[in-house]
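**Student:** Mind looking over this structure? Questions follow.
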Amino acid sequence: RKRTEVEEQVIAKEHQAEEIIHALPKDSNTTVPSVELFLPEILKDSIFVGHLVTDLDSVAGAIGAAELYGGTPALASEINSETAFALEKWNVTKPKPIEDILKETPKVDICLVDHQQT
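Per this note's numbering: the sequence shown = residues 338 to 455.
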């Protein structure tokens, strides 16, 4: 099969990754230097939503991205029982449906997360 773009990039950057690994401290008492996160301002205040058949990873991705980038998580459809259980278990508020959020703020940017569906 033909390699995907991600596979090609991983292979192309393998040497750089090895350099990073070798630069890490060998002593477990030494702290690892922090790395600045790249958090694009354009994503701030965006709506983060997963694929149409909403499952746990699409909801978790939307919630996580919204938390990371300062946006709002949304649901593309009703959640399944697994997702309902996880949200209840960890006391996480179920996001609103994207249609409801768009009625409230129609000019907001939307960012898709976990949108690969088979």
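Even glycine gets a Cβ: it sits at the ideal position worked out from N, Cα and C.
From which residue to which residue does the beta strand (DSSP E) around residue 409 run?
**Tutor:** Unbroken beta strand (DSSP E) run through residue 409: 409-412.
**Student:** Who are residue 434's beta bridge partners in DSSP?
**Tutor:** Beta-bridge pairing links residue 434 to 412.
**Student:** Going by C-alpha distance, which of 392, 453, 452, 447 is nearest residue 380?
**Tutor:** Residue 447 is the option with its Cα nearest to residue 380.
**Student:** Whole angstroms is fine: what's the gap from residue 433's alpha carbon to residue 411's?
**Tutor:** One C-alpha to the other measures close to 5 Å.
**Student:** Starting from residue 449 and walking both ways along the beta strand (DSSP E), at which residues does that stretch end?
**Tutor:** Counting along the chain, the beta strand (DSSP E) containing residue 449 begins and ends at 447-449.
**Student:** Going by DSSP, which residues form a beta bridge with residue 385?
**Tutor:** Bridge partners of residue 385: 410, 448.
**Student:** Output yes or no for whether 7 Å exceeds the beta carbon distance between residue 450 and residue 399.
**Tutor:** In contact: residue 450 and residue 399 (Cβ atoms closer than 7 Å).
**Student:** Going along the chain, which residues of its own chain have a beta-carbon closer than 7 Å to the beta-carbon of residue 387, five neighbours each way excluded?
**Tutor:** If we look at residue 387 and ignore the five residues flanking it on each side, its Cβ neighbours are 395, 396, 398, 399, 413, 450, 451, 452.
**Student:** Taking 6 Å as the limit between beta carbons, can you name the residues of its chain near residue 402, skipping five residues before and five after?
**Tutor:** So the list reads 385, 450, once near-sequence residues are dropped.
**Student:** Give me, in chain order, the residues of the same chain whose beta-carbon lies closer than 6 Å to that of residue 407; leave out the 5 immediate sequence neighbours on both sides.
**Tutor:** Excluding positions up to five away in sequence, the list reads 381.
**Student:** Is the beta carbon of residue 393 closer than 7 Å to that of residue 423?
**Tutor:** Contact: yes.
**Student:** With residue 416 and residue 391 assumed to form a contact (beta carbons below 8 Å), what rounded beta-carbon distance in angstroms separates them?
**Tutor:** Rounded, the Cβ-Cβ distance is 5 Å, consistent with contact.
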